[in-house]
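**Q**
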Amino acid sequence: MTANIRCPECGFLVREGLEADTESFSFAVRGDTTPEYHRLLNSNDCPEDLQDLDVVESVMSQTESCLTRIESNITRLRARMKQLETQKAYLAEYLAKNKAIVSPLRRLPPELLLEIFSWTLPSILTVRRHGSLNLAESPWALSRVCSRWRAVALSSPFLWSLIAVNYGGLGYEDVSPYPASMLQAQLSRSRAQNLRIHFYGSEQYTPAPQRQLFMLLTSPAQSTRLEELSLSVTCRLLPLLVNLENESFPKLRRLYLQWDAAHSRQRPTAQQLIRSFETAPTLADVGIFHEHYYVPVHLPVRQLTRYSIDGPWDMHRHILRHARFGLVEARVDVRFGVVPPPGPREEEDVIELPALRRLYIKHSAVVLDYLRTPSLEEVALCCPKGEKFEAYATSLQALVARSRCPLRRLCITGNFNAEDTVKVLHAVPSVKELAVIVDSYSARTEAEHLLICLTPPLHDEDVSNDGCEIGSSGTTTPTLVAAAHLTTISLGCDNGTRVAFELFHSMLRARWDSDDCALHTAKLFVDSEVGMSTKKHPHREVLLDLYALRDEGMELDMREGSEAGEAMGGWTFGSLWN
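Under the numbering used here, read the sequence shown as residues 6 to 583, first letter to last.
Right under this line is the structure:
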């Protein structure tokens with residue numbers, strides 16, 4: 006055993022065999038103290054004898070001296086500790102550098118390293134929001150690690166082919182985050198690679214830098230390399246866009262145009278109509294969003310395979326007629342006053358689209374009455390406020406009957422109705438997948454009603470053994486599971502809305518346990534961050550029940566935030582590249 010010895014100066018105990026400066030933090034009473042001192046130490050009395058007072062003062066003096074030495078030792082040890090931590094960090098860094106010498110990464114062939122680099126590129130959502138000229142993001146960050154990585158990064162034009170400039174959110178006098186020299190460097194590094202350019206102008210920001218970069222990105226040297234072009238146009242950029250009529254776009258495959266918010270309400274003149282892309286020989290995918298007014302854009306409509314435009318019916322009819330043989334996907338949003346009359350008058354007014362697979366309809370259910378789509382597989386219906394969903398449901402049933410199409414997926418959003426939705430599902434049994442997007446309070450109410458309608462009845466005392474409900478008179482009536490043929494049910498909450506998650510779970514559980522239902526896949530997407538994976542989520546118990554379904558074999562996909570919002574856009578055939 007290690008013996009303890011007493012410090013001759015202050016009475017502290019010191020472990021025998023340790024250095025003199027390693028005093029124990031245990032305090033022992035000095036041997037020359039008196040019983041009276043012990044009594045005073047453990048009571049509230051005042052010392053009456055001068056001898057006792059001298060003892061107390063002596064103990065205090067010696068204790069303070071001991072504390073001073075201990076604090077000095079602590080300071081010295083802290084300095085030593087800091088020195089050791091510095092040495093540790095240095096040695097760890099030195100060791101890491103030595104390990105790097107024998108690391109397999111140094112022996113990776115350039116082709117494999119380049120493949121890894123391609124997986125580090127930011128998502129299109131990140132690039133759209135923050136731009137591509139960010140030194141902290143790939144590919145810029147890759148070129149600043151070491152000479153070998155830089156050489157590999159600069160040798161691959163593909164890494165530099167996506168260019169995004171976003172002036173949205175900048176104030177009029179803010180410093181531009183997009184230096185022209187940096188943009189020129191990226192264009193140079195992309196070399197002969199086809200370009201994907203996203204340029205989002207803003208009326209709130211000074212126009213001079215925007216014009217400079219726009220002209221640089223759409224110059225003749227770049228226009229011949231453009232494969233994808235997405236533009237948010239301001240009134241000051243519109244003349245530059247019109248002047249592109251003289252440019253050539255031999256490789257342009259995808260085009261998206263929109264006008265920047267409420268500040269671009271100034272209508273273009275007749276001389277400013279956009280003909281720049283009319284002769285693009287490979288253009289097949291077009292999206293145009295007119296927020297406040299319709300701007301005619303001349304397009305090579307006969308070669309389109311996809312289009313998404315909001316505009317008058319005459320424009321849609323022109324595109325549908327001339328692109329009918331190659332059109333695979335169409336998002337038809339009828340706006341700006343001109344709508345189709347109720348029902349086609351003649352058979353020749355019906356437009357047959359033999360290749361159309363996906364169709365989105367908004368603002369006019371009558372459009373469905375003008376179409377024949379023998380290959381249609383997916384439909385998305387958006388019923389705006391003020392319109393009746395019954396008209397959409399009726400026209401869709403007529404379209405399916407008229408076209409005899411293999412419709413397998415239905416997505417509804419906007420001002421939909423639960424009862425009419427169930428009627429469509431029963432009338433069109435080929436529909437195996439149902440997606441519902443809730444974006445308002447009224448839609449939330451109907452969505453919860455729909456979840457109740459889709460929940461199979463429980464087989465309890467009110468249901469007979471053969472699956473028939475027992476009425477109040479004791480007779481039995483057949484009970485049907487609503488849309489038992491559905492294999493996939495997807496629920497999306499948009500614009501910050503919520504639904505009763507417990508209703509969603511109850512419906513899934515009942516259909517999963519039912520022998521009459523074909524359900525095997527479910528999706529729950531919420532566009533705001535609700536913390537689905539955290540313990541503090543208000544619906545944590547429901548979420549745990551949903552995870553239990555996944556453990557039992559159900560294919561369950563749950564997402565939140567921007568990822569969920571992007572995915573819901575795909576439910577209505579929104580563009581995934583833009």
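Ideal Cβ placement from N, Cα and C applies to all residues, glycine included.
#1: The ligand NAP and L100: does any heavy atom of the ligand fall closer than 6 Å to the residue's C-beta?
#2: Less than 7 Å separating the beta-carbons of T310 and A289?
#3: Among G331, A385, R409, which has the Cα closest to the Cα of E438?
#4: Only counting the same chain, and skipping five residues up and downstream in sequence, which positions put a Cβ closer than 7 Å to that of G575?
#5: Consult DSSP for D550 and reduce its assignment to one of helix, strand or coil.
#6: With W264 and H303 assumed to form a contact (beta carbons below 8 Å), what rounded beta-carbon distance in angstroms separates them?
#7: Could you check how far apart the C-beta atoms of W318 and P345 are, in whole angstroms? I think they sit under 8 Å.
#8: Are the segment 105–119 and the segment 128–138 in contact at 8 Å, needing three or more beta carbon pairs?
#9: Relative to the C-alpha of A328, which candidate in A360, S77, E283 has its C-alpha closest?
#10: Helix, strand or coil for Y95 per DSSP?
#11: Go ahead and pull the three-state DSSP assignment for F122.
#12: Looking only at C-alpha atoms, which of T526, L262, M86 sits nearest to E557?
#13: What residues are listed by DSSP as bridge partners for C522?
#14: Taking only the alpha-carbon atoms, compute the straight-line gap between L278 and L246 and give it to the nearest angstrom.
#15: Take D550 as the anchor and find which of E507, E568, D521 has the nearest alpha-carbon.
#16: Looking at the structure shown, is D339 part of a helix, part of a strand, or coil, going by DSSP?
#17: I202 and E233 look like a contact to me (Cβ under 8 Å); what is the Cβ gap, rounded to whole Å?
#18: Within its chain, find whatever has a CB closer than 6 Å to the CB of D521; leave out the 5 residues flanking it on each side and keep chain order.
#19: I need the DSSP call for E232, collapsed to helix, strand or coil.
#20: Taking buried to mean at least 16 other C-beta atoms within 10 Å of its own C-beta, is D374 buried or exposed?
#21: Pull up the distance between the alpha-carbon of S469 and that of P462, whole angstroms please.
#22: Between the Cα of T493 and those of F509, T502, D499, G501, spot the shortest distance and give me the residue it belongs to.
#23: Any idea what DSSP makes of L459, helix, strand or coil?
#24: Just grab the DSSP bridge partners of H203 for me.
#25: Just tell me which of S108, Y298, L262 has its CA closest to the CA of S281.
#26: Beta-carbon within less than 8 Å of M573's beta-carbon, same chain only, minus the 5 sequence neighbours each way: which residues are those?
**A** With the given structure in hand:
#1: The model on display carries no ligand, and the ligand NAP is accordingly not part of it.
#2: yes
#3: A385
#4: L581
#5: helix
#6: Actually they are not in contact, since the Cβ atoms of W264 and H303 sit about 17 Å apart, beyond 8 Å.
#7: 5 Å
#8: no
#9: A360
#10: helix
#11: helix
#12: T526
#13: Its beta-bridge partners do not exist; DSSP assigns none.
#14: 10 Å
#15: E507
#16: Here residue 339 turns out to be Val, not Asp, going by the sequence shown. DSSP places V339 in strand when its eight states are reduced to three.
#17: 7 Å
#18: V486, A489
#19: strand
#20: buried
#21: The pLDDT assigned to S469 is 38, lower than 50, so where the model puts this residue is not dependable; a value taken from the coordinates is nonetheless given after this. One C-alpha to the other measures close to 12 Å.
#22: F509
#23: coil
#24: A169, S235
#25: L262
#26: I442, G497, D499, F530, D532
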